[in-house]
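**Student:** Below you will find the structure I want to go over with you.
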Amino acid sequence: MVIENKSNFSRRGFLKASSLASGGLLIGFNLFTACKQKAELPIDITKLSFTDFNAFIKIAENGMVTIFSPNPEIGQGVKTSMPMIIAEELNVAWKDVVVEQGILDTENYTRQVAGGSQSIRFGWDALRQTGATARQMLVNAAAEKWGVSASECSTKEGVITNATGETLGYGDVVKEAALLEIPENVALKEPKDYTIIGTKAINVDIDKIVSGKPLFGMDYKEEGMVYASVLRPPAFGQELESFDATAAKSINGVLDVITIGEKARNLLNSKKPGWSVKLSSSDKIVVIATSTWAAMKGKKAIKAAWKKVTPLESTDAHDTELVKLLDGKKFRTMRSDGDVKKAFAQADKVLERTYESPFLPHNCMEPMNFFASVDDAKIRLVGPIQTPEDLATAVSTMLDRNLEEVSVEMTRMGGGFGRRLYGDFAMEVAEIADVIRKPVKMVSSREDDMTTGVYRPAIKYRIKASVKNGEITGYQLKEAAVNGNMYGLIPNFFPAGAIENYQIDVASIKSNITTGAWRAPYTNFLSYAEQSFFDELAEITEKDPVQMRLDLLQKVKGTKDSKIQYSPERLEGVINLVVEKSGYRTPKEGVYQGFCAYYCHNTHVAEVADVVMENNKPVVKNVTVAVDCGIVVNPLGAINQIEGGVVDGVGHAMYGDFKFKDGMPGSSNFGAYRLIRNSEAPKVATYFVENNLAPTGLGEPTLPPAGAAVSIAITKATGKRIYKQPFTKNMVAKEIIG
Amino acid sequence: MNLYYLSIIFYNNFRVPYIRLFFIIQSLLIMPTYNLKVNKKKQLVDAEFDTPLLWALRDHLDLVGTKFGCGIGQCGACTVHVDGVATRSCLMPISALKDKEITTIEGLSENGSHPVQQAWKEVDVPQCGYCQAGQIMTASAFLETNSKPTEEEIKVAMNGNICRCSAYNRIQKAVVIASEKMG
Chain A
1 MVIENKSNFS
11 RRGFLKASSL
21 ASGGLLIGFN
31 LFTACKQKAE
41 LPIDITKLSF
51 TDFNAFIKIA
61 ENGMVTIFSP
71 NPEIGQGVKT
81 SMPMIIAEEL
91 NVAWKDVVVE
101 QGILDTENYT
111 RQVAGGSQSI
121 RFGWDALRQT
131 GATARQMLVN
141 AAAEKWGVSA
151 SECSTKEGVI
161 TNATGETLGY
171 GDVVKEAALL
181 EIPENVALKE
191 PKDYTIIGTK
201 AINVDIDKIV
211 SGKPLFGMDY
221 KEEGMVYASV
231 LRPPAFGQEL
241 ESFDATAAKS
251 INGVLDVITI
261 GEKARNLLNS
271 KKPGWSVKLS
281 SSDKIVVIAT
291 STWAAMKGKK
301 AIKAAWKKVT
311 PLESTDAHDT
321 ELVKLLDGKK
331 FRTMRSDGDV
341 KKAFAQADKV
351 LERTYESPFL
361 PHNCMEPMNF
371 FASVDDAKIR
381 LVGPIQTPED
391 LATAVSTMLD
401 RNLEEVSVEM
411 TRMGGGFGRR
421 LYGDFAMEVA
431 EIADVIRKPV
441 KMVSSREDDM
451 TTGVYRPAIK
461 YRIKASVKNG
471 EITGYQLKEA
481 AVNGNMYGLI
491 PNFFPAGAIE
501 NYQIDVASIK
511 SNITTGAWRA
521 PYTNFLSYAE
531 QSFFDELAEI
541 TEKDPVQMRL
551 DLLQKVKGTK
561 DSKIQYSPER
571 LEGVINLVVE
581 KSGYRTPKEG
591 VYQGFCAYYC
601 HNTHVAEVAD
611 VVMENNKPVV
621 KNVTVAVDCG
631 IVVNPLGAIN
641 QIEGGVVDGV
651 GHAMYGDFKF
661 KDGMPGSSNF
671 GAYRLIRNSE
681 APKVATYFVE
691 NNLAPTGLGE
701 PTLPPAGAAV
711 SIAITKATGK
721 RIYKQPFTKN
731 MVAKEIIG
Chain F
1001 MNLYYLSIIF
1011 YNNFRVPYIR
1021 LFFIIQSLLI
1031 MPTYNLKVNK
1041 KKQLVDAEFD
1051 TPLLWALRDH
1061 LDLVGTKFGC
1071 GIGQCGACTV
1081 HVDGVATRSC
1091 LMPISALKDK
1101 EITTIEGLSE
1111 NGSHPVQQAW
1121 KEVDVPQCGY
1131 CQAGQIMTAS
1141 AFLETNSKPT
1151 EEEIKVAMNG
1161 NICRCSAYNR
1171 IQKAVVIASE
1181 KMG
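Set out below in structure tokens:
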């Protein structure tokens, strides 16, 4: 069953403290590992070493608390919510806390990744323990000063009070606290006593964002820096044959035109290319210029010839191959309960449907970019990346340098959605800097980003179910995907455990198109396929779709199957809440509602989409969301994630359309590629199931159910089921949303 | 006087062919200078005539609040005000901006005190935050032309600005609050 409030976090030796030269107490800690034995804390605050600790708390003599954390911010709010957890247990006022992002060095990092909605989930215990231990140190120092027992002292908003009512501020005891032993087994607060967790904290970078201060990799600049624009093969399967840069070199501002690729091939051929490597093995042409514009202009002026080295693929060919896979027998079984064949043979009714989805680009608003500076002493990399450790390792391998010489500084990221897990663009700029030996920033154009990127792979699902005496007796899902299949625990999501005969089979084809994680990998489409299928199953068995889910969940309660990931009780909780809040049982004239419940990324979610017909077209007006993510650390940030996930899910299900022909993407910019816009966004109403369970992430889990809820609502509105994304391209003409 | 004009004068005065050739080449290599008025300050930009205002702001004037998103005027991340009108700076060449008042996010207010910026903070609009300068510049220009917009009018006005994190609900809410503040 799902982990609730369990902890496998080791308390011993994860934290060290010292006095700062500038005054104040510095506490260094590692979120997920113990410190190195010999780790030393700096006494000069400017010399924080993120190689020894991956986060620091500084408590100044005036009581101000600064939390230095290297955890990257993509927009999921962890830069605000993680420090909130520390501040809660530290017992300081949130207004007295400043959050700074630290620099990443190369050693000893674990979970220096923002992805998979897990930052909060993994950090929960470690962050609470850290805050509580720091508070206890300060209390112990005050107690010693007063000559009283620490147990007689209490804390509130950075002030320690003893039994006689005397008070000391945290800042007053920082010197003494630094000299004390670090306490162990400190008590954690009860959720009912929380004063920061559960309150609405505004994003810590808000002032900088609304006033346009430099924050993002794109904004990074150094003295003497030049700009680079990279021309990559226009089609997957091609490599550079020859090029003429005469015209490019005559453009004002263009300094040089070089090629890179050799070092990238060294990396690709090395023993450990790392999971981040999405580099093309081709030579690439790089224009070096005095400005971004000159570099981009220079790139357009290059005349290049490309040769085909592997087949140039197309969406039509993928479709044929994936259908062939579904029709064939080359499957790997990921979970099998009972005997689905027997269930199908003995059924009263069998329903089989195929669902299809296209490749999708990530389209982060901030195009890929990175800064690099390489000299004989060191390699400095600065930019937006979700996997700095992988990048440092890859670059050290690629350029044959010691890992210690590589530093990665993370900037705020203008969106991630999975794209910035892969450091291909940063590796390229490292190779450029190694050639030109000047500080350089590579900036991708939108076209570079959309046509030479990493994509969510196309997937087809074929789902078959059998019904006997009104009960679902068998369920078989086949996945045909590109470059890999659903992983890990996904086959154990609902309805695993609820249907006696159950089987998940997967198969994939290889493609030379680079594919990778895309917000809520696999589940972003799987949810639509399965939940739409359940809705149709409810229709043919003449059952209420909500009751059908609840009946299935009854069968999972008390299961002894430790692989089952979701909690039937928690899924039931969100279902009941969404039904109540959406008015699902009291339908309004002309409003068509689609219901969906789903568990993924450790969070239970149910959604109801409201669709109305306007000018003969279905329009998504509202989405009601019920979420069980345990304790909500920052409701303001949480609701933002939920609303964004829902609207993003609706948008890509409705409009996300991306095709390949001759190895080339059919759209390269927002003129031809449609993203959901303001006027198309439904209003999202969010409701939380309140409980005191450990928090789970919200960056991903509300996206997958959205497409399903919308497709079901559209089906009710139009009378036609949709089996293929994007919905706007796969409905009959009069139903297309304008 | 910059070298560009100097070269033209020389070109006109030395009509000997080889000298002409020399100055033609030199005039091609030297960038012209443009006078821009950005955030109430006069700024000189040495750049090609076709340089989009976006890149002049970002690379030449270090005003990086204006963001690059698509380069074709489709996403709105680069929105600035030109004479008070919301304009896509990625499509606006610097040579077309003589005597124009340009306002960027950095110049919208001192210390982020513009009602739209205040509303953005109150609602806690941003997720990744990258598109927000463009959203704020579009909203602030729009509210100058329509101080009490309807929900539909807000959606239409903000439709040209993509937010990939899809914080559209909060953008709508913040525009309403800003309009009340400006009231």
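So the protein lines, in turn, are chains A and F. Each residue of the first sequence is one higher than the one before, starting from 1 at the first, in the working numbering. Each residue of the second sequence is one higher than the one before, starting from 1001 at the first, in the working numbering. For every residue, glycine included, the Cβ atom is placed at its ideal position computed from N, Cα and C.
Of all the options A:Cys600, A:Lys617, A:Val574 and A:Pro568, which has the alpha carbon lying nearest to the alpha carbon of A:Gly590?
**Tutor:** The shortest Cα separation from A:Gly590 among A:Cys600, A:Lys617, A:Val574 and A:Pro568 belongs to A:Lys617.
**Student:** Between F:Val1082 and chain A, is the shortest Cβ-Cβ distance under 8 Å, so that the two count as touching?
**Tutor:** For F:Val1082, the answer is no, since every Cβ of chain A falls outside 8 Å of its Cβ.
**Student:** What does DSSP give as the partner residues of A:Lys560 in its beta bridges?
**Tutor:** Note: A:Lys560 sits in no beta bridge, so no partner.
**Student:** Can you look up A:Phe493 in the DSSP assignment and give me helix, strand or coil?
**Tutor:** If DSSP states are grouped into helix, strand and coil, A:Phe493 belongs with coil.
**Student:** Using the beta-carbon count (16 or more within 10 Å), is A:Pro384 buried or exposed?
**Tutor:** Flag for A:Pro384 reads buried.
**Student:** Got a sec: is the Cβ-Cβ distance from F:Ser1166 to anything in chain A below 8 Å?
**Tutor:** Yes, F:Ser1166 lies at the interface with chain A (some Cβ there is under 8 Å from its Cβ).
**Student:** What residues in its chain sit with their C-beta under 7 Å from that of A:Met137, if we drop five residues either side in the sequence?
**Tutor:** The answer, listed in chain order, is Ala17, Ala177, Leu180, Ile182 and Pro183.
**Student:** Have a look at A:Arg232 and A:Glu40 and give me their C-alpha separation to the nearest angstrom.
**Tutor:** Rounded to whole angstroms, A:Arg232 to A:Glu40 spans 45 Å at the Cα level.
**Student:** Run through the region 524-591 of chain A for me and flag every whole alpha helix (DSSP H) of 4 or more residues, listed as ranges in chain order.
**Tutor:** Whole alpha helix (DSSP H) segments, 4+ residues: 545-556 and 568-582.
**Student:** Just to make sure I have the definition right: I need the residues of chain F whose C-beta is within less than 7 Å of the C-beta of A:Ala681. Which are they?
**Tutor:** The contacting residues are Ser1166, Tyr1168 and Asn1169.
**Student:** Considering only C-alpha positions, which residue in the set A:Lys683, A:Glu539, A:Thr559 and A:Asp44 is nearest to A:Leu351?
**Tutor:** Nearest C-alpha to A:Leu351: A:Glu539.
**Student:** Evaluate contact between the region 659-666 of chain A and the region 1140-1151 of chain F, counting only Cβ atoms and requiring at least three cross-stretch pairs below 8 Å.
**Tutor:** Taking 8 Å as the limit for Cβ pairs, the verdict is that the region 1140-1151 of chain F does not touch the region 659-666 of chain A.
**Student:** Along chain A, in chain order, which residues have C-beta atoms closer than 8 Å to that of F:Thr1104?
**Tutor:** Neighbours of F:Thr1104 on chain A, chain order: Gly212.
**Student:** By DSSP's criteria, F:Ala1086 is part of a beta bridge. Which residues make up the other side?
**Tutor:** According to DSSP, F:Ala1086 bridges with F:His1081.
**Student:** Given this structure, state the Cα-to-Cα distance separating A:His362 from A:Ser711, to the nearest angstrom.
**Tutor:** C-alpha separation (whole angstroms): 22 Å.
**Student:** Which residues, taken in chain order from the region 356-370 of chain A, show a beta carbon closer than 8 Å to some beta carbon of chain F?
**Tutor:** The region 356-370 of chain A vs chain F, Cβ under 8 Å: Asn363, Cys364, Met365, Glu366 and Pro367.
**Student:** For the structure I just gave you, are there three or more beta carbon pairs, one from the region 19-27 of chain A and one from the region 57-67 of chain A, closer than 8 Å?
**Tutor:** Yes, the region 19-27 of chain A is in contact with the region 57-67 of chain A.
**Student:** In whole angstroms, what is the alpha-carbon distance linking A:Gly645 and A:Asn162?
**Tutor:** Approximately 47 Å, taken between the alpha carbons.
**Student:** Buried or exposed for A:Pro495, please, with buried defined as at least 16 other CB atoms from any protein chain shown within 10 angstroms of its CB.
**Tutor:** Counting Cβ neighbours within 10 Å, A:Pro495 comes out buried, since at least 16 surround it.
**Student:** How is the beta strand (DSSP E) around A:Asp505 delimited, first residue to last?
**Tutor:** First-last of the beta strand (DSSP E) with A:Asp505: Asn501 to Ile509.
**Student:** Residues in the region 650-670 of chain A with C-beta within 9 Å of chain F's C-beta atoms, listed in sequence order?
**Tutor:** Residues passing the 9 Å Cβ filter: Val650, Gly651, Asn669 and Phe670.
**Student:** Give me whichever residues DSSP pairs with A:Pro361 in a beta bridge.
**Tutor:** For A:Pro361, which the question treats as bridged, DSSP gives the partners A:Tyr455.
**Student:** For the putative contact between A:Ala196 and A:Trp124, defined by C-beta atoms under 8 Å, what is the C-beta separation to the nearest angstrom?
**Tutor:** A small correction: the amino acid at residue 196 of chain A is Ile; Ala does not occupy that position in the sequence shown. Not really, about 14 Å apart at Cβ, beyond 8 Å.
**Student:** At least one CB of chain F closer than 8 Å to the CB of A:Glu222: is that the case?
**Tutor:** No - not a single Cβ of chain F is within 8 Å of the one on A:Glu222.
**Student:** At a Cβ threshold of 8 Å, is F:Phe1023 touching chain A?
**Tutor:** Note on F:Phe1023: pLDDT 49, under 50, position unreliable in the model; no value is reported.
**Student:** Which residues of chain F have a Cβ atom closer than 8 Å to the Cβ of A:Gly644, listed in chain order?
**Tutor:** Within chain F, the residues near A:Gly644 are Gln1127, Cys1165, Ser1166 and Ala1167.
**Student:** Check whether the region 522-529 of chain A touches the region 312-328 of chain A, counting contact only when three or more Cβ pairs, one atom from each stretch, lie closer than 8 Å.
**Tutor:** The region 522-529 of chain A, when compared against the region 312-328 of chain A, does not touch it at the 8 Å Cβ threshold.
**Student:** Among F:Thr1138, F:Gly1065 and F:Pro1052, which has the Cα closest to the Cα of F:Lys1155?
**Tutor:** For F:Lys1155, the nearest C-alpha among the options comes from F:Thr1138.
**Student:** For A:Pro491 versus A:Thr603, is the C-beta distance shorter than 8 Å?
**Tutor:** Against a cut-off of 8 Å, the Cβ pair of A:Thr603 and A:Pro491 comes out as no contact.
**Student:** With C-beta atoms as the reference, is A:Ile258 less than 8 Å away from A:Ile436?
**Tutor:** A contact, by the Cβ cut-off of 8 Å.
**Student:** Name the residue from A:Leu20, A:Gly212 and A:Phe68 whose alpha carbon lies nearest to the alpha carbon of F:Asp1062.
**Tutor:** Comparing Cα positions, the closest option is A:Gly212.
**Student:** Considering just the uninterrupted stretch of the alpha helix (DSSP H) at A:Lys342, what are its terminal residues?
**Tutor:** From DSSP, the alpha helix (DSSP H) with A:Lys342 extends over Val340 to Ala345.
**Student:** Start and end of the alpha helix (DSSP H) containing F:Pro1115?
**Tutor:** Per DSSP, F:Pro1115 belongs to the alpha helix (DSSP H) from Pro1115 to Val1123.
**Student:** According to the neighbour-count rule (16 or more other Cβ atoms, all chains shown, within 10 Å of its Cβ), is A:Glu614 buried or exposed?
**Tutor:** Answer is exposed; the Cβ neighbour count stays below 16.
**Student:** Of the choices A:Leu255, A:Ser582, A:Ile67 and A:Ile513, whose alpha-carbon is the least far from that of A:Thr452?
**Tutor:** Out of A:Leu255, A:Ser582, A:Ile67 and A:Ile513, A:Ile513 has the C-alpha closest to the C-alpha of A:Thr452.
**Student:** What does F:Cys1131 reach in chain A if we use C-beta pairs closer than 7 Å?
**Tutor:** The answer, in chain order, is Met365.
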